[in-house]
Every structure is written in structure tokens, then in C-alpha cells.
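Take a look at the structure below.
2 protein chains.
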Amino acid sequence: MAMKQAATTAIRALSSSLISHSSPLVRQLHASAESKKIVGVFYKANEYAAMNPNFVGCVEGALGIREWLESQGHEYIVTDDKEGLDSELEKHIPDLHVLITTPFHPAYVTAERIKKAKNLQLLLTAGIGSDHVDLNAAAAAGLTVAEVTGSNVVSVAEDELMRILILVRNFLPGYHQVVNGEWNVAGIAHRAYDLEGKTIGTVGAGRIGKLLLQRLKPFNCNLLYHDRLKIDPELEKQIGAQFEEDLDAMLPKCDVLVINTPLTDKTRGLFNKERIAKCKKGVLIVNNARGAIMDTQAVVDACNSGHIGGYSGDVWNPQPAPKDHPWRYMPNQAMTPHISGTTIDAQLRYAAGIKDMLERYFKGEEFPAQNYIVKEGQLAPQYR
Amino acid sequence: MAMKQAATTAIRALSSSLISHSSPLVRQLHASAESKKIVGVFYKANEYAAMNPNFVGCVEGALGIREWLESQGHEYIVTDDKEGLDSELEKHIPDLHVLITTPFHPAYVTAERIKKAKNLQLLLTAGIGSDHVDLNAAAAAGLTVAEVTGSNVVSVAEDELMRILILVRNFLPGYHQVVNGEWNVAGIAHRAYDLEGKTIGTVGAGRIGKLLLQRLKPFNCNLLYHDRLKIDPELEKQIGAQFEEDLDAMLPKCDVLVINTPLTDKTRGLFNKERIAKCKKGVLIVNNARGAIMDTQAVVDACNSGHIGGYSGDVWNPQPAPKDHPWRYMPNQAMTPHISGTTIDAQLRYAAGIKDMLERYFKGEEFPAQNYIVKEGQLAPQYR
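Those protein sequences? They're chains A and U, same order as listed. Using this note's numbering, the first residue of the first sequence is number 47, and each one after it goes up by one. Using this note's numbering, the first residue of the second sequence is number 47, and each one after it goes up by one.
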């Protein structure tokens, strides 16, 4: 036991020396050689679990890392039960070392849970988007928070393009006619358009926004983007997108708006009644970023009035969306549960990313720099 | 009256001299200066007609050419009533000179109708796809049949890409959950994929097929095409698509198949039970070409067995699809009524194309060469 402790101390010292600007708040950035208790919170697949051998993102699939973790002597608990003091998650909070969560079934990691989690060192997000974690509390407690950066980029950008087409081309009313035994071309065609020639603006041009713009390029649209920084001039020229410094100046130009910005204190409720009013009448909005960037009721009201001509996305506030969430029932919605970043392809990418980070954590190695959301008491720039 | 007849004879002679290889079968390729009776058969819009000033493709919109035609002294009758001997269309068959039809609400121009239409000279398709006309009978009768070639290319290619994404990403089960008050990510995710990296094959690489391949380019897929001829090598290289001479050799390679070939005697029933069996298990099929290219029941059976993993398209056999058409009720379908080529943008294009051809017809001028489907007793190559 004494030897084990000495080794732990040595590893801590080594880790510490590897990290510059080490904060006194950091609990323990890298693992000791001890056996760890790792808890994963994912969505349950039930009858769907066995339908696809690559379905690793669910409780049953457990990211495909159970055998590996257990062979290394670690304890690995996986659950979907995350809400309240009686939940399975809550039981393990006091002694878990690593908590793996996912935006598709978010376990809310509050300041209270962080305070209670005395052994917690590492919060990993299987996917992208860690706003279900109280990042300031995590930073203050010296925890490391990391995502599998890049794992969802292709998936979400593709999904956004699908949703743009579904809204612009007015797909759903036609589908409804089919299943209802109807045939009324006019009922679809009077508000169906080609995407070609329309003006598309993205609010945020990070990895997903940029990839969306690249995939939109051959559609011959007028492409605009708003962000804090301009895209690299070479890429901007290649895509042919135009920078809009002032969001409110971009809004009235857009036939379609796509939200591609993380949820932060600055973007929460960004699209309220006043800002939606600045959009073109009939604007189509796609939001796969976060539900809370929109004012829920303002979106409902604008869909009802027709000011928003169509709204699609896979993010809600809160998640899972309750049965009576008004976005389920507003006109011209093309919503789904939170799904775009958890295709089978994306699951394989983020499962591999989580395994890679755990491996590095066990060895006391750094993660890929772009994965850190909270490190040594500091939030990553996109969450500030 | 004598003078008018002399003028008509002179114009006929002039027209005739303009046309090389004139067939003795040609009734009258170009118009005399007389007032013409023009009949248009479109879908009725009813309450939707007034909702969009650019909604010209419906009965009420009448292609936006009524004022112009009537100011030139022509008679212009527009109806949606096309079936049977008591229909409005049938009443005008004996004395109409020009019949404008549309694939979105096809007036079937049979050999019997052609025989009865003693004054008929010109059959115009507002859109693309003239298989609702008995082209051999039209050729034998010396009629001219023309389409607005190119008017639907962008619309249909975009729509195909939308449908590919809807199937690959498993959009509809998520949408159903939303409207049914449910939330079950696993129920969607277990068969949702990214498009990136998948193999897409198009059966036919005419204008629409080529544009689809171009728009798919940035998605980093494996692109295959089957056609009678190879694409121009420059363009083929730019798109990065691979030619497949043998359709049956291409089928087992494709995750997604897109049908982009006209309906002809050779393609009718092309995808029967045997050919579908040659496809990869779980293949996703998009067909915006013509319903009759598929064996209706073979598609139903393969969707039921899971051999076809998803089927989407906007074409049916017949159209309008009856209430009990089995494609309405088969699993994993993402169908709509025939809509992709009749977006508002497409309507404006084909309305302009019809006006242009009528103008040329009145003046005794040739149409753009690519518009002819039947000319001087000959069918255009794609319909042979």
C-alpha cells in the first residue's frame, strides 16, 4: 500500500511537471496506476441493441470498451438512469473517478454533483457539446472536461443540409399526403422551392459551419456566415462565402438560417422575439446546435404567425423533450430527437475517441489539445 | 378568307423549306397565322392558388400566359379534368391545335385521342417526361412533341439528394417520435448512418444524374454510374465517378441506388424481383424518374423483407396514386406525390419554356433542338 502510494505520488509529480501553468485547483489531471471506477451514462437501446453490431453508443453497446476496461482491472458501470437522488448515477457519484456522458441523453453534472464527487477527476463527453456540465463548477473543482472533438462534424453538417432541403423543398406535407391516402400536388408545390439561388446564412462557422458551407458550394447559393473571426481567406475564397460581422445585419438577408454556435452564457436565448423579428418573413431555420439558443415560445409564436416558415433541428430544451414540448406541435416543424451526431459512423468515431483518452489518462499522457473543454481551471475559448 | 388561306399556304411552304428531312407524315410542324385553340391540363390548386403569386403551374395560374395568348387572338382552355369520355379535355380533343400537359398531373394522350384530334399539331409538356403521350402514335400521326428540356434538372437532382439523406440518416422515424410525443434515440440511431464514405450508384447519367453526382462530390462518397455512354472524360474526372458498363455488376456494390433513366419499353419493369435480388441487402433506393421502372409488388415485397432498407421517390404507377397503392403503406418508405420538378422555381422555368415554344410555333420557327421528343416522325434518342 505504501509502495502504491509512493508510485501515485511520483506519477502525480511527473504529470504535474508535464503540464505548464498548473493550477493549484487541479485535483488530479492524470490518473494514478490504481484501479478506477468509470461510469458511463448513455441512452438505452432495448430491442434495438441487437439489431446492429456497430451500435456502440447505447447502454448495451457501452462504447465497446467494457472488455478492455475490465481486463485492465477497472470497474465500469453503465446506466441510462441519471435523474434525481434515487438514480443509478447518483449512487456512484461519491466514488467514481471518471464520468462519461453524452449529449444525446445528457446526464446533468451540476455544481452539487461535482461537490459530492470527491474522487472525480475526469469528465468525458462521448460526442460534442458539454453544456450539460456546469463547466465553471468543474473548472473551480480542478476537473478535466474533454470531448471527442471532430467526431460529429460530418454527421451534423450532413444532417443540417438534409434539414435545409426538407424545409426549402417542403418535403413533409407531401409525405403526409402519401400516408393519409391523399394526392394534392398544389398543397405541396405552392411553397416548395429549389435551394439553388437562395441565401443561406450560418450563425457560427466553426468546424461544422465550415463543412456545411463546403457541402453547399455546388448548390449555387448565396452563402453568408457570422462568427467572431473570419474564415481563413484561402478557404473563404474556395467556398465563396461572405463574412457578416454584424449578426443583425445578416438576418434580413437570409432565406435559410443555420445555427452553428455552442450554447454559452452569450448565446443562451440569442434568438428571442426581437431577433426573430429581424429575420426575413418566412425564414427557414435549422438548429442542430442547442435548443436553449432559441427562446422556446418565441419560436412557437413565429411559426404560428408564419414569420418563421419552417423550423427543423434535433436539439431541445430540455432533453429528452417532454411530451408537451410545444415544438412538437407547432406548424411547419421538421424536428427529431437529438440524433444527428449519433449515427452509427459517429458512434464508432466517438467510442474510439473515448478509448483513446482513457488510454492516455491511464498512462498519464496529454489528450489531443482540441479535445479539452476544461483544463487546469480554464474553459476552452468556445465556451467562454 | 382566300387571302388568309394563301398566307397560310405560303407560311407552310416557308416552314417546310426550313425543315430538312421533312417526313411525309408531318401534319403541320409549324403554325399557320390562324387563331389557335390551345388546351392546357394542369393540377388544380383551389385554396392554394392565391397563396403565391409565382404559383403558375396550376390550373388557376395557367402558366401565366393567358393574357398574352388571348391578346394574340388565340383561344386558351385550361382544365384539370382529363380522364374518360365525359372529361373536359375529351370535349376539346376534336378541335384543339395545341395540347399542353404536365407530368405532375398527366393527361394520357393515347392513340385513340390522337386519332380523334384531327387539328392537333403540337403536344407540349410543361416539365420533363412525355411518357404519358403515346409517342409512337404521335410520331405516326406526324405530330410534334416537345418538352422544356432542362427545366427540372436542378429541382430533381436536389430532391434526390434530399431523399438520399432522409433514407441514409433515417430521418422519418425521428420525426414520427416527435409528433407522437416520444423520445427514443436508439430507435433511430441503430440504423442511421452518415452519407460520407458510402457507395452511391446512379442508373442513368443524363443531365439530372450528372448534376446529382456533381452535388454529391463534396460528400466524399464512392460514386458509380451506369449508362449507355460514358460521361465526358473531363467531367468524369472532375466528379470522380466511375463508369459501370454492366448494370447487374454495379448493383451489389451500391449502398444507395438512384434511378435517373426515362421510362421506355426497355426500362419498364427494369427493377423486377430478380434485379432487386441482385442489390446489396438493405439497399436504399431513390426513384424520381418513373414509377413503372419498378415492379410495384417486387418493391413492396423487398421493403417488407428488409432487402430494400428504404425507398423514396415522387413517381408512381399510375398517377395520381390511388388511395390503396401499396407503396403508401410499405415499411421504410419516404414517398411524396409527384412534386420534385414542380417547385416554384421549376414552374417559372417551364412556363417560360412553354411560352417560348408557343411564340416560335406561331412564328413558324424551330424550337431549341434539345426540346424535341417527337419530330418529323422520329422519337428523340432517350425515348427509343
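For glycine and all other residues, C-beta sits at the position ideal for the given N, C-alpha and C. Since the model is a prediction, treat every value here as computed from it, not as a measurement.
Proximity of residue i and residue j at Cβ, strictly below 9 Å
i                     : j                     : result
residue 364 (chain A) : residue 383 (chain A) : no
residue 232 (chain U) : residue 90 (chain A)  : yes
residue 142 (chain U) : residue 166 (chain U) : yes
residue 146 (chain A) : residue 203 (chain A) : no
residue 245 (chain U) : residue 258 (chain U) : no
residue 157 (chain A) : residue 150 (chain U) : no
residue 397 (chain U) : residue 110 (chain U) : yes
residue 163 (chain U) : residue 139 (chain U) : yes
residue 212 (chain U) : residue 194 (chain U) : no
residue 356 (chain A) : residue 385 (chain A) : no
residue 333 (chain U) : residue 352 (chain U) : no
residue 287 (chain U) : residue 303 (chain U) : no
residue 297 (chain A) : residue 336 (chain A) : no
residue 242 (chain A) : residue 217 (chain A) : no
residue 305 (chain A) : residue 329 (chain A) : no
residue 82 (chain A)  : residue 317 (chain A) : no
residue 374 (chain A) : residue 339 (chain A) : no
Interface flag, residue i vs chain A, CB-CB below 9 Å
i                     : result
residue 378 (chain U) : no
residue 230 (chain U) : yes
residue 205 (chain U) : yes
residue 330 (chain U) : no
residue 162 (chain U) : no
residue 200 (chain U) : yes
residue 353 (chain U) : no
residue 34 (chain U)  : Residue 34 (chain U) is absent from the structure shown; chain U starts at 47 and stops at 430.
residue 396 (chain U) : no
residue 246 (chain U) : no
residue 392 (chain U) : yes
residue 410 (chain U) : no
residue 135 (chain U) : no
residue 69 (chain U)  : Note on residue 69 (chain U): pLDDT 46, under 50, position unreliable in the model; no value is reported.
residue 254 (chain U) : no
residue 86 (chain U)  : no
residue 360 (chain U) : yes
9 Å Cβ cutoff, residue i in contact with chain U
i                     : result
residue 128 (chain A) : no
residue 303 (chain A) : no
residue 381 (chain A) : yes
residue 217 (chain A) : yes
residue 346 (chain A) : no
residue 389 (chain A) : yes
residue 386 (chain A) : yes
residue 402 (chain A) : no
residue 421 (chain A) : no
residue 154 (chain A) : no
residue 120 (chain A) : no
residue 225 (chain A) : yes
Where the alpha helix (DSSP H) through residue i begins and ends
i                     : result
residue 284 (chain A) : 279 to 285
residue 138 (chain A) : 134 to 138
residue 208 (chain A) : 199 to 214
residue 228 (chain A) : Unbroken run through residue 228 (chain A): none, as it is neither H nor E.
residue 258 (chain U) : 253 to 262
Extent of the continuous beta strand (DSSP E) to which residue i belongs
i                     : result
residue 421 (chain U) : 418 to 421
residue 387 (chain A) : Looking at the DSSP string, residue 387 (chain A) is not in any beta strand (DSSP E), and its letter there is neither H nor E.
residue 146 (chain U) : 144 to 147
residue 305 (chain U) : 302 to 305
residue 238 (chain A) : From DSSP, residue 238 (chain A) is part of no beta strand (DSSP E); its letter is neither H nor E.
residue 291 (chain U) : Premise fails: residue 291 (chain U) is in no beta strand (DSSP E) and is neither H nor E.
residue 192 (chain A) : 190 to 193
residue 246 (chain A) : 245 to 249
Identity of the residues DSSP links to residue i by a beta bridge
i                     : result
residue 276 (chain A) : According to DSSP, which records beta bridges pairwise, residue 276 (chain A) is partnered with nothing at all.
residue 83 (chain U)  : U:121
residue 89 (chain A)  : A:104
residue 357 (chain A) : A:331, A:379
residue 110 (chain A) : None; residue 110 (chain A) has no bridge partner.
residue 340 (chain U) : U:317
Item to check | Residues within the region 89 to 111 of chain U neighbouring chain A, beta-carbon criterion of under 8 Å | outcome: 89, 90, 91, 92, 94, 95, 97, 98, 101, 103, 104
Checklist entry - Of all the residues that make up the region 161 to 192 of chain A, which are near chain U by a beta-carbon distance shorter than 8 Å? => result none
Item to check | the region 259 to 287 of chain A: positions lying closer than 7 Å to chain U by Cβ | outcome: 260, 261, 263, 264, 265
Checklist entry - Any residues in the region 364 to 377 of chain A with a beta carbon nearer than 7 Å to a beta carbon of chain U? Which ones, in chain order? => result The region 364 to 377 of chain A vs chain U, Cβ under 7 Å: 366, 367, 369, 374.
Item to check | Interface residues of the region 233 to 244 of chain A facing chain U [CB-CB below 8 Å] | outcome: For the region 233 to 244 of chain A, which is checked against every Cβ of chain U, the residues closer than 8 Å are 233, 234, 235, 236, 237, 238, 239, 240, 241, 242, 243.
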